[in-house]
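Note that full-length UniProt numbering gives residue 25 to position 25 of the sequence shown, counting from 1, and the numbers run on in steps of one. Just so you know, even glycine gets a beta-carbon here, dropped at the ideal spot from N, CA and C.
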Amino acid sequence: MGASLVGLTLCLSSNAQELSDFDAQVRDTLLRNPSIILEVFAKLEAEEELQKAKADLKLIEGAEADLFADVSSDEPILIEFLDYNCGYCQRAHGELLRLREAAPNVKIVYKQFPILGDESRKLSELMTAFSHIASEGDFEHAHTKLMTGDREIRSDLVSFFEEYGVSYDELVKLSKSDLVQNEIQNNYSLARSLNISGTPGFVSRKAIVRGYADAVRLKEISEPVTE
């Protein structure tokens with residue numbers, strides 16, 4: 001907006017003799033009331049955001065079957081695309097915990113979306129495999145430890161997963177299975193269809209948020225759509 005504003009100001013400062021009487025009056029009004037220019041740009045930005053939101057709703061509708069399978073239309077839901085090495089994901093996890101406290105009825109779904117290297121891929125594979133054999137409570141506990149705990153946890157993943165009674169060797173084997181690999185690949189495809197290229201990314205029935213968001217914003221978008 002800054003560059004456009006400078007350009008418009010320079011235009012208004014051009015030789016008044018080149019302008020018609022009406023143009024000169026408009027120029028004079030704008031120079032005496034520069035707030036009008038700011039109002040125009042604010043309106044243009046608001047319209048642009050509205051068009052983006054409408055476009056995102058179409059993307060959500062196109063991926064509805066993949067996003068909301070087995071979830072009733074009146075159930076609050078929030079889907080996060082994440083990478084365990086993403087600093088903003090780690091920060092956002094604290095907001096998700098606050099959201100869960102404020103709105104325990106919101107269903108939170110994690111989509112492994114490793115984009116930050118080999119360690120990210122390894123952790124995503126292991127946690128995807130873990131999600132298939134662990135209880136929901138154990139998965140949430142392990143997920144939170146990886147997101148908020150000391151990075152030294154990652155230096156001994158054998159002990160980390162054995163705390164939950166899981167054989168690390170068996171977990172690694174499952175993590176390389178078609179079941180897990182296809183699930184992660186599907187997450188990549190789903191993210192692309194939603195124009196999500198970074199992490200975190202949040203999706204609900206109402207909106208897509210590309211990047212960090214606080215608990216208030218996440219609660220707002222996770223609430224069911226009202227007619």
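Within the model, the alpha-carbon separation for residue 164 versus residue 44 is close to 53 Å. The straight-line gap separating the alpha-carbon atoms of residue 218 and residue 109 is approximately 13 Å.
If you draw a straight line from the Cα of residue 95 to the Cα of residue 196, it comes to about 20 Å. Residue burial is scored here from C-beta neighbours: residue 80 has at least 16 other C-beta atoms within 10 angstroms and is therefore classed as buried. Only residues of its own chain outside the window of five on either side were considered, and among them 168 have a CB closer than 8 Å to the CB of residue 158, listed in chain order. Within the DSSP bridge table, the entry for residue 81 names 111, 201 as partners. Residue 210: member of the beta strand (DSSP E) spanning 208 to 210, first to last residue. In this chain, the alpha helix (DSSP H) harbouring residue 29 covers 21 to 32.
Taking a 10 Å sphere around the C-beta of residue 120, we find 16 or more other C-beta atoms and assign the residue as buried.
Nearest to residue 193 by C-alpha distance, out of 150, 37, 67, is 67. In the three-state scheme derived from DSSP, where H, G and I count as helix and E and B as strand, residue 215 is classed as helix. Within its own chain, the residues whose Cβ lies closer than 7 Å to the Cβ of residue 210, once the five positions on either side in sequence are excluded, are 196, 198, 201, listed in chain order. The Cβ neighbour count for residue 180, taken over all protein chains shown within 10 Å, is at least 16; the residue is labelled buried. For residue 59 against residue 208, the beta-carbon gap comes to about 7 Å, under 8 Å, which counts as contact. The C-alpha of residue 133 lies about 34 Å from the C-alpha of residue 57. Judged by DSSP secondary structure, residue 128 falls within the alpha helix (DSSP H) whose first and last residues are 118 to 133.
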